[in-house]
Amino acid sequence: MKRTFTTRQNHENGYVFPFVLILLHLLFLMAFFQMSQYQYTQRATENDLIQYQFHSLYQMGKQSLQEEKEDVNFPITYHFPNGDVKVYSQQLKFDRANYVIELNTKDGHRRTLTLHVPRNSH
């Protein structure tokens, strides 16, 4: 019987195929990782754009509310190019006015925020 552990193999016929398989697996892993990173970056960019739209709607609604007169009938609806802002009034304390601001973008996204304004500045 021939000892396979002590004999030295001089030919490398079976070495290239496993090496190629490992290399191909690594390349596929890198490609799939890059695709998932690209998809994640796309989703993050879309979320950032939506957040930017909400922030701009909030600032425009807040500015429009500050320009209104004292005796306003609530709810107030403001129409802007990138969405609508609806403002509801809530009275929680006597020293400040509380407003609930509902933001609706043209894409159908919705967000509700609360704005606290001291009474003497309104």
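For the sequence shown, my numbering assigns the number 1355 to the initial residue and increments by one for each residue that follows. Backbone N, C-alpha and C fix where the C-beta goes; we use that ideal spot for every residue, glycine too. Computed from a predicted model, the values in this text were never measured in an experiment.
Discussion item. Among the candidates T1468, V1439, V1370, T1459, whose CA atom is the shortest distance from the CA of N1452?
Written reply: Each of T1468, V1439, V1370, T1459 was checked against the Cα of N1452, and the nearest Cα belongs to T1468.
Quick check: T1459 and N1427, are their CB atoms within less than 8 Å of each other?
Cβ distance not < 8 Å, so T1459 and N1427 don't count as in contact.
In three-state terms, what does DSSP make of E1422? The three-state secondary structure of E1422, taken from DSSP, is coil.
Notebook entry, point to check: With C-beta atoms as the reference, is V1441 less than 8 Å away from G1415?
Noted result: Cβ distance < 8 Å, so V1441 and G1415 count as in contact.
Nearest-angstrom Cα distance between N1401 and S1390? So the two alpha carbons sit approximately 17 Å from each other.
### Whole-Å CB distance - P1472 paired with D1449, under 8 Å assumed
Contact between P1472 and D1449 holds: CB atoms are separated by about 7 Å, below the 8 Å threshold.
**Request:** State yes or no: is the C-beta of L1381 within less than 8 Å of the C-beta of L1411?
**Result:** L1411 is positioned such that its CB atom lies no closer than 8 Å to that of L1381.
- Message: Taking the beta strand (DSSP E) that F1434 belongs to, which residues open and close that run?
- Response: Counting along the chain, F1434 sits inside the beta strand (DSSP E) bounded by residues 1430 to 1434.
Whether D1425 touches T1431 by CB criterion (8 Å)
The Cβ-Cβ distance between D1425 and T1431 does not fall below 8 Å.
request  = Name, in chain order, the residues that DSSP records as bridge partners for I1455.
outcome  = For I1455, the pairing in a beta bridge is given by DSSP as V1441, L1467.
Inter-residue CB distance, F1408 and R1465 (contact presumed, cutoff 8 Å)
Indeed they touch by this definition, with Cβ atoms about 5 Å apart.
Q. Can you tell me the Cα-Cα spacing of L1403 and F1434, whole angstroms?
A. Rounded to whole angstroms, L1403 to F1434 spans 17 Å at the Cα level.
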